[in-house]
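A.B. asks: Heads up: the sequence shown runs through residues -25 to -1, 1 to 153, numbered per mature numbering (1 follows the signal peptide of the UniProt record, and there is no 0).
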Amino acid sequence: MRRLLIVSWSTVGLLALLPASGAAAVELPVRKAGLWEMKVVSTDSPSPDMTMQQCTDETTDKDMSTAMSPMAKQICSKQDIQKTATGYVTDSVCGMAGITVKSRAEITGDFNSAYTVKSTSHSEGGIAGAPRDTTTTIEAKWIGACKADQKPGDIMMPGGMKMNIKDMEKLKALIPKK
């Protein structure tokens, strides 16, 4: 259950990075196809640091934005992305299971070899009810071609757990409808 919660809140964090739909929306670049390693380090969080790998291609990155954008619209009341001189800045407000998370992320890098996401978030609500501030850094680097047993969308989590981002329909069922 704890791992599911970590994955669920990681998903909320990823949703906050997706572009809001609309003609004027700023979109994040598509990552280079292949295997990406993502090291996630959080401070002041009960979630342990973790390193995961994702196999991706251009179609999967684009599909992820298209498929997850409706889910993000459902749980996020605010999703703003701005292009800056050094990358991108996102501001979001998302809620799930009685918890509201306000986040700001700064994204830098080239999306071909490496990028970094530094985010700060403030959450309120939930079982504990006490407000919590968290700083998370995602350091992503391209490590080469996907392995022979991997297909685009596969995410290899710590402990050997493997899931495919294209199966997000299953996660949608976990999100309460407003």
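The beta carbon of each residue, even a glycine, is placed where N, CA and C say it ideally should be. None of these values were measured; they are calculated from a predicted model.
Please identify the residue among Trp117, Ile82, Met138, Gly119 whose C-alpha is closest to the C-alpha of Gln57.
C.D. replies: Position 82 of the sequence shown, counting from 1, holds the residue named residue 57. The shortest Cα separation from Gln57 among Trp117, Ile82, Met138, Gly119 belongs to Ile82.
A.B. asks: Tell me the start and end of each unbroken beta strand (DSSP E) in the segment 88 to 123 that is at least 3 residues and wholly inside, in chain order.
C.D. replies: Entirely contained in the segment 88 to 123, the beta strand (DSSP E) runs reaching 3 residues are, in chain order, 89 to 100, 104 to 119.
A.B. asks: Can you have a look at Thr26 and say buried or exposed, based on whether 16 or more other CB atoms are within 10 angstroms of its CB?
C.D. replies: Translated into the one-based positions of the sequence shown, residue 26 becomes position 51. So Thr26 counts as exposed.
A.B. asks: In terms of residue numbering, what span does the beta strand (DSSP E) encompassing Ala72 cover?
C.D. replies: Stepping through the sequence shown from its first residue, residue 72 is reached at position 97. First-last for Ala72: undefined, no H or E at that position.
A.B. asks: Count the C-beta pairs between the segment 46 to 55 and the segment 27 to 38 that are closer than 8 Å, then say yes if the count reaches three, no if not.
C.D. replies: Touching, no.
A.B. asks: Would you list the residues sitting across from Glu12 in a DSSP beta bridge?
C.D. replies: Counted from its first residue, the sequence shown places residue 12 at position 37. Its beta-bridge partners are Gln28, Lys116.
A.B. asks: Going by Cα to Cα distance, which pick from Glu2, Gly73, Lys126 is closest to Gly100?
C.D. replies: Here residue 100 is taken as the residue at index 125 of the sequence shown, counted from 1. Gly100 has its Cα closest to that of Gly73, out of Glu2, Gly73, Lys126.
A.B. asks: How about Thr91 and Thr112: do their beta carbons lie closer than 8 Å?
C.D. replies: By one-based count along the sequence shown, residue 91 stands at place 116. By one-based count along the sequence shown, residue 112 stands at place 137. Cβ distance < 8 Å, so Thr91 and Thr112 count as in contact.
A.B. asks: Helix or strand or just coil, what does DSSP make of Glu81?
C.D. replies: The count along the sequence shown starts at 1 and reaches residue 81 at position 106. Looking at Glu81 - three-state DSSP - the assignment turns out to be strand.
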